[in-house]
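Position 99 of the sequence shown, counted from 1, bears residue number 398 in the numbering used here, the numbering being contiguous throughout. A short worksheet on the structure shown next.
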Amino acid sequence: MARPVILVVDDDPGVRESFRLMLEDDYEVLDAGDGAAALEILRVTQVDLVLLDIRLPEADGIEVLERIKALDEGVEVVLATAVKTVRTAVAAMKLGAFDYLTKPFEEDELLAVVRRALEKRSLEREVAFLRGELARTHDVEEIVGRHPAMQKLQRVIGQVAPTSATVLITGESGTGKELVARAIHRQGPRRDKPFVPVNPAAIAETLIESELFGHEKGAFTSAVRTKYGLFEVANGGTVFLDEIGDVTPPVQASLLRVLETSSFRRLGGTRELRVDVRLIAATNRNLERMMRSGQF
Numbered sequence: 300m301a302r303p304v305i306l307v308v309d310d311d312p313g314v315r316e317s318f319r320l321m322l323e324d325d326y327e328v329l330d331a332g333d334g335a336a337a338l339e340i341l342r343v344t345q346v347d348l349v350l351l352d353i354r355l356p357e358a359d360g361i362e363v364l365e366r367i368k369a370l371d372e373g374v375e376v377v378l379a380t381a382v383k384t385v386r387t388a389v390a391a392m393k394l395g396a397f398d399y400l401t402k403p404f405e406e407d408e409l410l411a412v413v414r415r416a417l418e419k420r421s422l423e424r425e426v427a428f429l430r431g432e433l434a435r436t437h438d439v440e441e442i443v444g445r446h447p448a449m450q451k452l453q454r455v456i457g458q459v460a461p462t463s464a465t466v467l468i469t470g471e472s473g474t475g476k477e478l479v480a481r482a483i484h485r486q487g488p489r490r491d492k493p494f495v496p497v498n499p500a501a502i503a504e505t506l507i508e509s510e511l512f513g514h515e516k517g518a519f520t521s522a523v524r525t526k527y528g529l530f531e532v533a534n535g536g537t538v539f540l541d542e543i544g545d546v547t548p549p550v551q552a553s554l555l556r557v558l559e560t561s562s563f564r565r566l567g568g569t570r571e572l573r574v575d576v577r578l579i580a581a582t583n584r585n586l587e588r589m590m591r592s593g594q595f
């Protein structure tokens, strides 16, 4: 699975290298020497956490924090500060900073605050769907029956679940395709990550790309804030796309791009966002026939 990305912002190259040595075993570490360089990285890279020195050349950390949050309100920011600027750091937390570290600090202290910040980041990605949906996750034990066909289905689920393969489930409406998808997720290595179901037929055609991939603030008239799409919410887990045969060709192309590159752009955005999800799709239609006729 993709490692969380941490951006270290400090004008001292030695400090940046110190951070890198403490973090690079578990995280992907980027660095910048000033606020402008940091913002440029954030414009083109999906960053999970920024470690920001409160004293920077050209602009102070508070100003850079505000610009970071304006660019990506979901990214977590931890400030590094000297004792005499603690009051400023506390004020920064009111502007959206997650926490602050007072210099000098120990490696264990840094790693602890990084873990907490990334846990919060992960949880906020799950807010877009009800936790009750996850609580109702079905196990394969609910697919019961002594009929040879049911026993074969259980064996197939057991074989497919541990892999990372994209899965297509076919069958008539009401035959339990979502139940099978949940069972595959539950038995696989992503079981502790989100299972996000989406039925394109239940979403207005004009909103489907925004629902799947999110949008940036200002992308359209009613986009008053940045919205995480369902793929971003499901990062690390599984997206179950029901009735994929009903998806329009433009959305099909976007889904293919995600499958091929593990990346996408929010509607109205310019940044390539990396995502690690397993896609399970279902349909009651004959996709092979649709492909031959150019419908899919």
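Note that CB positions come from ideal geometry on N, CA and C, so glycine has one too. Please read these numbers as outputs of a predicted model, since none were measured by experiment.
As the crow flies, the alpha-carbon of Arg319 is around 13 angstroms from that of Val349. Ser561 sits in coil when the DSSP states are folded into three classes, being neither helix nor strand. Ala580 is positioned such that its CB atom lies no closer than 9 angstroms to that of Glu477.
The alpha-carbon separation between Gly544 and Val550 amounts to approximately 11 angstroms. For Thr387, the secondary structure class from DSSP, reduced to helix, strand or coil, is helix. Per the DSSP secondary-structure output, Lys526 pairs in a beta bridge with His514. For the options Thr401, Gly457, Asp407, Thr547, the alpha carbon positioned closest to that of Val479 is the one of Gly457. A check of alpha carbon separations from Glu357 across Asp310, Leu322, Val346 identifies Asp310 as the nearest.
Fully contained in the stretch 323–401 are the following alpha helix (DSSP H) runs of length 4 or more, in chain order: 334–343, 360–370, 385–393. About 12 angstroms separates the CB atoms of Val343 and Val304; that is not less than 8 angstroms, and the two are not in contact. Look at the beta carbons and you see the stretch 533–542 touching the stretch 482–496: at least three pairs across the two are nearer than 8 angstroms.
Note that the C-beta distance between Gly528 and Gly517 is not below 9 angstroms.
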